[in-house]
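Data first, discussion second: the structure below is written as structure tokens.
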Amino acid sequence: MKNVFLVPLALLIIFFATGCAPGPNELAESTNAMGELAGFWKGLWHGFISLFTFIVSLLNDNVTIYEVHNNGALYNLGFLLGVMAFYGGSGGGAGRKKK
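Those letters in the sequence shown? Residues 1406 to 1504, by this note's numbering.
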């Protein structure tokens, strides 16, 4: 009986989660005012400093966490790797043996 409710519930959760996904970035693959396009290395750096950038963005409207003028998937990959590196997303705590 539990499986009868589990599958529709899982589908409903997936439906709502995908409904929260952001739309396309229309400024991707377009350069900024200085003619620059953020790539993997800038994404890595922006991900690494995301906590500090967030704090500054609360105080200054000209600062954003994410560079919209980026090259797409490589910038996103760098950003996520930078966030994981800073916040310790490597799973080191999960691999530790409990005493």
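All residues carry an ideal CB built from backbone N, CA and C; glycine is no exception.
Please classify residue i as buried or exposed, where buried requires at least 16 other C-beta atoms within 10 Å of its C-beta.
i, result
"A1443", "buried"
"N1467", "exposed"
"G1452", "buried"
Just the Cα atoms here: how many angstroms apart are residue i and residue j?
i, j, result
"G1483", "G1448", "4 Å"
"L1486", "A1478", "12 Å"
"L1432", "F1410", "42 Å"
"L1416", "F1491", "33 Å"
Quick one: what's got a C-beta closer than 7 Å to residue i's C-beta in the same chain, skipping five residues either side?
i, result
"T1436", "L1442, H1474"
Quick one: what's got a C-beta closer than 8 Å to residue i's C-beta in the same chain, skipping five residues either side?
i, result
"V1488", "G1452, F1453, S1455, G1494"
"W1446", "G1483"
Helix, strand or coil: which one does DSSP assign to residue i?
i, result
"N1481", "helix"
Looking only at its own chain, which residues have a Cβ that is under 6 Å from the Cβ of residue i, when we skip the five neighbours before and after it?
i, result
"V1412", "none"
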